[in-house]
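*Asks:*
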Amino acid sequence: MLTPLLLAAVVGYLLGSLPFGYLVARAHGVNIFEVGSKNPGATNVRRVLGSRAGNMVFALDAVKGALATAAPWAYWYLSREATPGSTLGPLSLTNLEAAGLVGAFLGHSFSCFTRFRGGKGVATGAGGFAVLFPLGVLIALVVWLLSLAICRYVSVSSMLAAIALPVAAFFLGQPGIILGASVLIAVLVVVWHRTNLARLAAGTESKVGQKPAAPKS
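Under the numbering used here, residues 418 to 634 are what the sequence shown spells out, in order.
1) Tell me which residues share the same chain as Asn472 and place their Cβ nearer than 8 Å to its Cβ, disregarding the 5 neighbours each side in the sequence.
2) Can you give me the Cβ contacts of Glu622 inside the same chain, cut-off strictly under 7 Å, excluding the 5 residues immediately before and after it?
3) Taking DSSP's pairing of strands, which residues face Arg534 in a bridge?
4) Tell me which residue opens and which closes the alpha helix (DSSP H) that Tyr430 is part of.
5) Helix, strand or coil: how does DSSP classify Gly453 here?
6) Is it the case that the Cβ atoms of Val560 and Ala578 are separated by a distance below 8 Å?
7) Just verifying my parser: in three-state terms, what is the DSSP assignment at Ser574?
8) Specify the secondary structure class of Pro583 as computed by DSSP and reduced to three states.
9) Just to check my reading of the structure: Ser575 and Ala586 have Cβ atoms closer than 8 Å, yes? What is that Cβ distance to the nearest angstrom?
10) Taking the alpha-carbon of Gly517 as reference, which of Lys537, Ala619 and Thr541 has the nearest alpha-carbon?
11) Do Val548 and Glu514 have their CB atoms nearer than 8 Å?
12) Using only the alpha-carbon positions, how far apart do Leu582 and Val607 sit?
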């Protein structure tokens with residue numbers, strides 16, 4: 418039998434694995450894994466198919482992150498209804514939410530529906546943290562907007578926003594589980610952007626509104 422923590426992570430993983438970027442692109446007759454940066458995230462969908470499709474993918478990815486994080490509420494409620502006054506021992510609802518969020522983030526990055534290929538998890542993480550740590554997401558959003566206005570690189574803005582989350586969690590005295598989840602996801606977001614970092618170093622990273630640079634022959 419799955420423990421509550423593992424169950425939350427598995428449900429989160431399955432929700433996170435829903436490949437909305439791939440599905441939206443397929444609906445337009447495009448295999449997103451073969452065009453642009455070959456990433457199924459909202460940024461690549463936006464560059465290939467336009468703002469409407471990209472914004473739709475971002476919203477859907479954020480919603481699945483939020484649902485995965487909020488899903489443990491049902492288990493928490495039902496367990497208390499079955500045994501009034503009971504608790505889950507050392508587990509708290511926050512622990513279960515964090516497990517669902519991390520599961521969704523990993524599901525988005527390694528989707529079981531697309532042969533374990535996936536995106537970088539920025540939208541999914543943002544949706545999950547909107548449930549788990551709303552103020553942190555607001556701070557990260559401000560960082561994202563300011564950095565995008567200054568540098569015009571979505572990749573740089575996404576990494577800075579991800580890093581802002583654990584910084585905010587630390588200075589705002591959030592529980593260790595939230596700090597730990599935010600550190601883990603921030604590190605992974607930066608790791609997932611390693612190809613962007615290489616393009617930044619080479620001067621070939623695309624800015625907002627700019628088509629990806631053609632490879633040199």
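Note that the Cβ used here is the ideal one computed from N, Cα and C, for glycine as well.
*Replies:* Let's see:
1) If you number the sequence shown from 1, residue 472 lands on position 55. Beyond the five residues adjoining it in sequence on each side, Asn472 comes within less than 8 Å, by CB distance, of Ala459 and Arg463 in the same chain, given in chain order.
2) Looking up residue 622 in the sequence shown gives position 205. Answer for Glu622: Tyr570, Ser572, Asn613 and Arg616, listed in chain order.
3) For the purposes of this step, residue 534 is identified with residue 117 of the sequence shown, where counting begins at 1. Bridge partners of Arg534: Ser528.
4) Residue mapping note: residue 430 aligns to position 13 of the sequence shown, counting from 1. Residue range Pro421 to Gly433 is occupied by the alpha helix (DSSP H) that includes Tyr430.
5) In the sequence shown, residue 453 corresponds to position 36, counting from 1. The DSSP-derived three-state label of Gly453 is coil.
6) Counting from 1 along the sequence shown, the entry for residue 560 is found at position 143. Counting from 1 along the sequence shown, the entry for residue 578 is found at position 161. A Cβ-Cβ contact shorter than 8 Å links Val560 with Ala578.
7) As a first step, residue 574 must be located in the sequence shown, where it is residue number 157. DSSP places Ser574 in the helix class (H, G or I) of the three-state scheme.
8) Counted from its first residue, the sequence shown places residue 583 at position 166. Collapsing the DSSP output to three states places Pro583 in a helix.
9) Walking along the sequence shown from the start, residue 575 turns up at place 158. Walking along the sequence shown from the start, residue 586 turns up at place 169. A Cβ-Cβ separation of about 18 Å leaves Ser575 out of contact with Ala586 under the 8 Å criterion.
10) On the sequence shown, residue 517 is found 100 positions in, with the first residue counted as 1. Minimum Cα distance to Gly517 is reached at Thr541.
11) Position 131 of the sequence shown, counting from 1, holds the residue named residue 548. Position 97 of the sequence shown, counting from 1, holds the residue named residue 514. The answer is yes: Cβ separation under 8 Å.
12) Position 165 of the sequence shown holds residue 582. Position 190 of the sequence shown holds residue 607. Whole-angstrom Cα-Cα distance: 13 Å.
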